[in-house]
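Q: Before we start, here is the structure in question, set down as structure tokens.
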Amino acid sequence: MTIGEQSSCIVAETAQPVLDRLRSMGGPLFDAIAQSGMAVVVSGPFVQDCPIVYVNDAFRRLTGYTADEAIGRNCRFLQGADTDPDAVARIRQALETGTEISVDLLNRRKDGTPFWNRLHVAPVRDADDVVQFFLSTQVDISSERAADTVREQLSASRRELAGLQDRLRIVRTVQGVAGAWEWDIPADRLYGDARFASLCCLDPAAAAAGLPTTAFFDAIHPGDRARVRIAIAGIVNGAEVFAKDYRIVAPDGAVAWISARGRTHLNDQDEPVRFSGVLSDITQQRRVEDRLRVAQTAGGVGTFEYLGGLGTADVSGQFCKLLGLRETDTLPVRTINSVVHPDDPPIIDNLSDRLVGPSFREFRIIRADTGETRWMARRGESARDGETSKVHFVGVIYDVTASKLAEERLRDLADTLEERVRERTRERDRVWTLSQDLFNVCDFDGIQRAVNPAWRTVLGYGDAELVGSRLDALIHPEDLAAASEHFAALTHMKASRDFDCRLRHRNGTYRWINWTAIPEGDVFYSIGRDITHRKQLEDLLRQSQKMEAVGQLTGGLAHDFNNMLMGIMGGMEIMRRRIADGKTHDLGRLIEMALSSAERAAALTHRLLAFSRRQSLDSRALDVNGLVTSIEDLLRRTLGERVAIALDLAEDAWTAIGDTNQLESAILNLAINARDAMPDGGRLTIGTVNVRLVQDTTGDHGELAPGDYIKITVADTGMGMAPEVVRRAFEPFYTTKPIGQGTGLGLSMVYGFAQQSNGHVAIDSRLGIGTTISLYLPRFKAVLEEPGSEELTESPRGDGETVLVIEDDEIVRELVIEVLDELGYAAVEARNGDEAIAILKSSQSLDLMVSDAGLPGLNGRQIASIAREHRPGLQILFMTGYAADAVDRPNFLGPGMDLILKPFSVDAIAVRIRSIIERR
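Residue numbers (our numbering): 4 to 923.
Okay, here's the thing in structure tokens:
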């Protein structure tokens with residue numbers, strides 16, 4: 004990379020900070036100049052070759068170059084081969100010496116067109132009188148330069164016109180007239196010579212013999228014919244002089260300008276009898292005048308000519324427009340000078356010999372039409388007229404208001420910038436000293452270069468302890484990784500905002516600080532605000548919310564469990580009393596009441612585990628269509644005859660992965676909720692459909708990852724739910740049913756099951772229309788295996804096999820041993836892992852190990868691993884009410900292992916133990 008390319012990169016990366024520095028030094032005055040509509044360029048001497056660091060939008064309009072195309076380049080890129088080298092050398096010298104300069108340069112725009120650029124460059128110094136920038140204004144003065152050209156063209160045109168007049172005189176002298184006519188008014192006949200006939204497109208012989216006077220008008224342009232007729236009518240009625248310029252249209256369509264001059268001849272009775280005159284072709288003269296008028300208008304230049312001693316001046320239309328006067332060819336000198344500001348010299352002076360030669364003047368005018376004050380420039384030249392010996396002046400005027408305003412603003416900036424810099428410095432020092440926020444300046448090695456006094460107030464450190472030390476030495480270890488990411492962004496010149504981290508106080512405690520940091524040059528500037536109190540309030544709020552949720556949960560649990568315990572304890576108490584009294588005739592009903600309450604308690608526990616996503620799932624390949632079909636009869640019996648059930652199952656439905664029992668329970672829960680929402684009957688539709696989610700669509704399906712899913716929908720035509728009810732539908736113990744008719748855990752269980760299965764559940768409900776609940780389960784990609792057709796026999800008995808029972812709860816352990824004894828098994832008990840391992844290492848014969856999964860110390864899975872080391876073929880059955888490790892059942896269980904959920908019935912454990920032993 005060349006030095007120039009390096010400069011471009013450096014400037015491009017630091018342009019915005021440099022511009023901010025310039026604004027801080029110049030204040031609103033710099034913004035006023037930048038937004039004034041005048042091209043502004045700022046260059047930086049702090050980089051080699053003084054490249055451009057800022058241009059405003061007016062620069063783009065002037066040159067055609069955007070800011071991206073200009074920044075990083077030297078202003079020389081606007082110069083061309085025809086740029087004056089002496090002017091360039093003067094600019095270079097001014098930059099080297101840091102002095103102010105004004106110069107006119109011929110530059111070129113992006114499209115290659117040349118323009119004259121009035122460049123004014125001024126150095127911008129800081130409080131130490133060191134040049135920080137060069138600020139220049141650029142004004143297009145092509146119109147001003149064009150004034151000289153227009154003046155030269157005007158002189159040339161006048162010389163050409165004078166030549167034409169001379170040639171006309173010669174023609175008239177040689178040929179008599181350019182073209183002559185005589186009009187016999189009483190006879191109404193027109194006579195003309197050959198030249199007249201040629202100019203008027205008439206037959207020469209007929210013109211010489213005489214033509215009807217109407218022939219005079221035939222060739223006149225339609226646009227001029229009316230005014231010529233009116234003028235001739237005045238002649239016929241006694242006017243003496245005729246002078247008109249008009250157009251003639253030839254038969255081939257060519258248009259020529261004609262100048263006609265004539266007079267009337269009267270008889271003794273003062274009656275008009277003859278009208279004679281001459282014609283001349285002035286087409287070339289008119290073309291010269293038209294070109295001159297277009298040049299004046301395009302360049303914004305007005306021309307005028309004044310002959311000394313006269314009270315009027317010949318002016319152009321553009322001259323009148325610039326002064327705000329009505330357009331005309333001649334103006335009184337007094338009128339022209341009346342618009343000039345009283346404190347400025349007049350536009351037209353009294354001419355004298357001493358004023359002969361070129362002159363230049365700037366002055367203000369007060370426009371006659373709007374009253375607006377504008378700056379004008381006058382350029383011209385006085386010369387002595389060869390015929391009259393009088394001095395006459397030919398000149399131009401043009402508007403230089405933009406240039407004058409730019410110079411004035413630049414002078415104001417130069418005059419006030421030093422004071423503004425001092426004031427800004429004082430303001431910055433006051434903010435630095437008095438602020439309660441932490442300010443610091445740090446380099447990209449993490450070393451602090453400067454800190455403000457607030458560090459002692461907030462963190463207890465003085466300047467001497469912090470300056471030169473590493474900032475990250477104070478950051479809490481847990482926040483270092485996040486802080487490093489923000490620091491990396493700063494090294495890439497990106498600002499870091501709203502970042503929280505903890506800093507160590509001098510007393511060893513930590514304070515939360517919210518940071519904003521901005522890089523500039525080889526350092527970054529940071530502002531930190533102590534938000535420790537806010538963080539404490541946020542922690543208190545979160546803790547309060549947690550306690551509110553725990554209170555809601557425990558309240559619901561206490562209510563439902565107390566009801567269930569009342570059924571169990573009350574039933575058992577009545578049975579004890581009746582047995583003591585010898586009354587056993589009605590014990591069966593009481594036992595059923597107690598068992599029913601116990602089963603409800605077990606179901607509530609499973610629902611809680613499902614909601615909290617802590618239940619043990621037996622996830623495996625699942626034929627959703629087959630499961631729905633298999634429970635159709637159960638659903639019809641449960642929902643009753645008033646609810647019509649329809650199945651809309653996709654024939655190509657994929658195999659899902661999930662727990663069969665939990666999915667069956669979820670569908671039953673949803674169906675029962677739907678039945679309760681249709682008290683007068685209705686229609687329940689259960690459907691399945693394949694869904695493929697891509698990255699762009701998963702936002703509509705919770706936090707589901709892209710992939711394939713089976714969507715199970717349960718839709719009813721019931722009352723529907725209000726939006727506020729839908730928002731709370733999955734909350735535990737939230738129910739809209741009357742007291743005693745719902746626990747508020749049905750939808751919570753479904754939600755927990757879906758989340759634990761890596762799926763999702765969504766509700767779409769409308770009041771008076773119905774509710775649709777969609778349950779998403781992941782697709783199972785392996786081949787579906789047909790489920791076994793194992794027949795469960797009722798309470799199968801053992802044949803003296805030995806079973807090791809490991810359970811820390813004494814009541815549960817005794818119950819399990821009692822069950823095993825009744826079923827014909829020999830039970831060996833252990834209260835914990837140490838006792839179990841001693842038995843496993845002994846020579847005791849064992850056919851099965853039954854262990855609680857969640858033992859204190861060594862848990863059931865760890866004991867099983869040790870057991871397999873000493874007895875590789877030992878079959879193992881885990882019992883669990885809840886164990887965190889057993890939640891993911893496929894990963895928890897190994898070969899030859901099974902799991903049963905507490906509480907379980909005697910029949911259930913008997914069948915499970917018998918199947919495991921026979922499987923061995």
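Positions of the beta carbon are idealized from the N, C-alpha and C atoms, including for glycine. Owing to the predicted nature of the structure, the values given are computational and were not obtained by experimental measurement.
(1) State yes or no: is the C-beta of H395 within less than 8 angstroms of the C-beta of G305?
(2) For a quick check, are the C-beta atoms of N59 and A73 less than 8 angstroms apart?
(3) If you draw a straight line from the alpha carbon of G256 to that of C203, how long is it in whole angstroms?
(4) Please decide whether R871 counts as near chain C, where near means a Cβ-Cβ distance under 8 angstroms.
(5) Which runs of the beta strand (DSSP E), 3 residues or longer, sit entirely within the stretch 16-103?
(6) State yes or no: is the C-beta of F783 within less than 8 angstroms of the C-beta of A659?
(7) Kindly identify the DSSP beta-bridge partner or partners of V258.
(8) Suppose only complete runs of 3+ residues qualify. What are the beta strand (DSSP E) ranges in the stretch 489-549, listed by chain order?
(9) Count the other C-beta atoms from every protein chain shown that fall within 10 angstroms of the C-beta of G179, then say buried if there are 16 or more, exposed otherwise.
(10) Within the continuous beta strand (DSSP E) that includes Q141, where are the two ends?
(11) If you count every other CB in all the chains shown that lies within 10 Å of the CB of V142, and 16 or more means buried, which is it?
(12) Quick one: using the 10 Å Cβ neighbour count with 16 as the cut-off for buried, is G115 buried or exposed?
(13) Compare the C-alpha of L109 against each of P126, A149, L138 and name the closest.
(14) Determine the burial state of V822: buried for a count of at least 16 other Cβ atoms within 10 Å of its Cβ, exposed for fewer.
(15) Could you name the residues of the same chain whose beta carbon sits closer than 6 angstroms to that of R2, not counting the 5 residues immediately before and after it, in chain order?
(16) In or out: V717 buried (at least 16 other Cβ within 10 Å) or exposed?
(17) Who are T315's beta bridge partners in DSSP?
(18) Across the stretch 802-821 and the stretch 841-858, are there enough close Cβ pairs to call them in contact, namely three or more that are closer than 8 angstroms?
(19) To which residues of the same chain is S201 closer than 8 angstroms at the C-beta, ignoring the five residues directly before and after it?
(20) Less than 8 angstroms between the CB atoms is what I'm expecting for D332 and I285, so what's the real figure, rounded?
(21) I'd like to check one pair, D402 with L325: are the Cβ atoms closer than 8 angstroms?
(22) Less than 8 angstroms between the beta carbons of I516 and I534, yes or no?
(23) In terms of DSSP beta bridges, what is C445 paired with?
(24) On the CB-based measure, 16 or more other CB atoms within 10 Å of its CB, does I916 come out buried or exposed?
(25) For D812, which residues of its own chain have a beta-carbon under 8 angstroms away from its beta-carbon, when the five flanking residues on both sides are left out?
(26) Can you say whether Q759 is buried or exposed, counting buried as having 16 or more other CB atoms within 10 angstroms of its CB?
(27) Roughly how many angstroms separate the alpha carbons of H508 and E430, rounded to a whole number?
(28) Mind reading off the beta-carbon distance from R364 to T404? Whole number of angstroms is fine, and I expect it under 8 angstroms.
(29) Note down, in chain order, each residue of its chain lying with its Cβ closer than 7 angstroms to the Cβ of C445, except the 5 sequence neighbours on either side.
(30) Give the DSSP-derived three-state secondary structure of H479 in the structure shown.
(31) So, are the CB atoms of L630 and R678 less than 8 angstroms apart?
(32) Could you give the C-beta distance for V853 and V819, rounded to a whole number, given that I count them as a contact under 8 angstroms?
(33) With S868 as the anchor, note down where its alpha helix (DSSP H) starts and where it stops.
(34) So what does DSSP say about K714, is it helix, strand or coil?
(35) Could you please give the first and the last residue of the uninterrupted alpha helix (DSSP H) stretch that includes N676?
(36) Put M724 into one of helix, strand or coil per three-state DSSP.
A: A quick look at the data gives this:
(1) no
(2) no
(3) 13 angstroms
(4) The structure shown contains no chain C; it is built from a single protein chain.
(5) 42-46, 55-58
(6) yes
(7) V252
(8) 499-507, 513-523, 526-533
(9) Any reading at G179 is ruled out, since the residue's pLDDT is 36, under 50, leaving its predicted position unreliable.
(10) Per DSSP, Q141 is one residue of the beta strand (DSSP E) stretching across 134-143.
(11) Buried: at least 16 other Cβ atoms inside 10 Å.
(12) exposed
(13) A149
(14) buried
(15) The requested residue 2 is not part of the displayed model; the chain covers only 4 to 923.
(16) It is buried - the Cβ of V717 has at least 16 other Cβ atoms within 10 Å.
(17) P335
(18) The stretch 802-821, when compared against the stretch 841-858, does touch it at the 8 angstroms Cβ threshold.
(19) G182, P207
(20) That belief does not hold up - the Cβ atoms of D332 and I285 are roughly 16 angstroms apart, past 8 angstroms.
(21) It is a contact, given that the beta carbons lie within the stated cut-off.
(22) yes
(23) DSSP output for C445 lists Q451, F527 as bridge partner(s).
(24) buried
(25) D855
(26) buried
(27) 29 angstroms
(28) Incorrect: roughly 15 angstroms between the Cβ atoms, too far for contact.
(29) Q451, R452, L474, V526, F527, S529
(30) coil
(31) Cβ distance not < 8 angstroms, so L630 and R678 don't count as in contact.
(32) 7 angstroms
(33) 863-873
(34) Correct three-state label for K714: strand.
(35) 663-679
(36) Taken through DSSP and simplified to helix, strand or coil, M724 comes out as coil.
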